[in-house]
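Visitor:
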Amino acid sequence: MVVSKMPQTTMQLWQAWKDERDVEAKKQLIEQYLPLVDYVTNRMAIGLPKTVSKDDLSSNGVMGLIDAIEKFDYCRGNQFETYASWRIRGAIIDGLRQGDWVPRSVREKAKKVEEAYQVLEQKYMRSVTDSEISSYLNISEKDFTTMLQEIAVTTICSLEDPIREEESETRLSLLVDEKAKNPDYKVHEFYLKESLVQGIKKLTEKERIVISLFYYEELSLSEIADVMSLSPSRISQLHSKAILRLRGALAKHKDQLLQH
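Quick note on numbering: the sequence shown equals residues -16 to 243 in this note's numbering.
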């Protein structure tokens, strides 16, 4: 008589994998959390060029999930889904970087707009208008809108870039995960948070709503468009401008972040 094994709980699977190195338990954990890869992939795929394969994003995401399962310490009582999401995002971003998916000309345009926001908002100490940015760049507002559409893809992962190349901690994680503390980061973490707070204060009301809904409520850009009764392209523009403003606010601390 063959006695079938009773289904294991998630905690039992973690114990079997971490304490006994049970490979079958690891496989079951991967299968259990695969929907998390789909969720993160679908969110990050929004706004990326059609040339970027969603299957490639998913493949990188799965590698991130496996890495998360390898490194997660279930004994600490932390939420695995949160930890794994960062690892999955990080793996997808690494894959995008290696694929060099953004043309240099688009990166240069993004840099120019970012610098324009940095210079003008430091000068006026307020949120600058599209007209002021256009004037600074010596282009029409229509051309500026077109430029925003072109560089939108460069802003999707901006706040999820790691502070250090070899680390998984990101600028956004410093805002949303208060438990992610590292003594080595204390000094520049303080200045980074202050810079982000000041940068967020300079966003327009609509830009703040988009950032909040996208990064904190985890809505997609299309869902945000429905909530705000705006077109997806308009939401994409608001997201791009918000990220470029924030990147401008962070620019003066960039060297400090890389030195420590």
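Backbone N, C-alpha and C fix where the C-beta goes; we use that ideal spot for every residue, glycine too.
(1) Give a yes or no on contact between the segment 176 to 190 and the segment 226 to 234, applying the rule of three or more CB pairs nearer than 8 Å.
(2) Let me check understanding here. Comparing Cα to Cα, which of Lys37, Ile218, Leu229 lies closest to Glu177?
(3) Are the segment 99 to 117 and the segment 44 to 61 touching, with three or more C-beta to C-beta distances below 8 Å?
(4) Rounded C-beta distance between Leu48 and Leu19? I'm assuming under 8 Å.
(5) Where do the N-terminal and C-terminal ends of the alpha helix (DSSP H) with Asn43 fall, by residue?
(6) Taking the Cβ atom as the reference point for each residue, do Lys92 and Met130 lie within a distance shorter than 8 Å?
(7) Could you check the C-alpha separation between Val193 and Ser114 for me, to the nearest Å?
(8) Between which two residues does the alpha helix (DSSP H) holding Glu7 run?
(9) Would you tell me roughly how many angstroms separate the C-alpha atoms of Ala208 and Ser219, rounded to the nearest one?
(10) What would DSSP say about Gly231, mapped onto helix, strand or coil?
(11) For a quick check, are the C-beta atoms of Ala23 and Arg90 less than 8 Å apart?
(12) Met27 and Leu40 look like a contact to me (Cβ under 8 Å); what is the Cβ gap, rounded to whole Å?
(13) Taking all protein chains shown into account, decide if Ser68 is buried (16 or more other Cβ within 10 angstroms of its Cβ) or exposed.
(14) Return the chain-ordered list of same chain residues with a C-beta closer than 8 Å to the C-beta of Arg191, the five sequence neighbours on each side being excluded.
(15) Which term fits Gln242, buried or exposed, when burial requires 16 or more other beta carbons within 10 angstroms of its beta carbon?
(16) Measure the C-alpha to C-alpha separation of Ser216 and Gln132 and round it to an integer number of angstroms.
(17) How should Leu16 be labelled, buried or exposed, when 16 other C-beta atoms within 10 angstroms of its C-beta is the threshold for buried?
(18) Run the CB neighbour count on Glu188, radius 10 Å, all protein chains shown included, and call it buried at 16 or more, exposed below.
(19) From Ser117 to Glu64, what does the alpha carbon distance come to, in whole angstroms?
(20) Return helix, strand or coil for Ser203, following the three-state DSSP convention.
(21) Please name the residue, chosen from Leu186, Tyr199, Glu200, that lies closest to Met108 on a Cα-to-Cα basis.
(22) How would you label Thr137, buried or exposed, when you count the other beta carbons within 10 angstroms and need 16 or more for buried?
(23) Nearest-angstrom Cα distance between Leu202 and Ser195?
(24) Could you tell me whether the Cβ atoms of Lys95 and Ile52 are closer together than 8 Å?
(25) Taking the C-alpha atoms as reference points, what is the distance between Thr112 and Leu213?
(26) How big is the Cα-Cα spacing for Ile134 and Phe55?
Guide: Inspection of the coordinates gives the following:
(1) yes
(2) Selected option, being the one with the closest Cα: Leu229.
(3) no
(4) 7 Å
(5) 37 to 54
(6) Cβ atoms of Lys92 and Met130: closer than 8 Å.
(7) 21 Å
(8) Looking at the DSSP string, the run of the alpha helix (DSSP H) that includes Glu7 is 6 to 28.
(9) 9 Å
(10) Correct three-state label for Gly231: helix.
(11) Before going on, a small fix: residue 23 reads as Val here, not Ala. Not in contact: Val23 and Arg90 (Cβ atoms no closer than 8 Å).
(12) 6 Å
(13) buried
(14) Ile183, Ala225
(15) Annotation note: pLDDT 49 at Gln242 (below 50); position unreliable, no value reported.
(16) Each residue's alpha carbon lies about 8 Å from the other.
(17) Looking at the sequence itself, residue 16 is Tyr, so the reference to Leu does not match. Classification of Tyr16: buried, given that the 10 Å Cβ count is 16 or more.
(18) exposed
(19) Distance between the alpha carbons of Ser117 and Glu64: 42 Å.
(20) Looking at Ser203 - three-state DSSP - the assignment turns out to be coil, as it is neither helix nor strand.
(21) The candidate whose alpha carbon is nearest that of Met108 is Leu186.
(22) The residue is buried, with at least 16 neighbouring Cβ atoms inside 10 Å.
(23) 9 Å
(24) no
(25) 19 Å
(26) 35 Å
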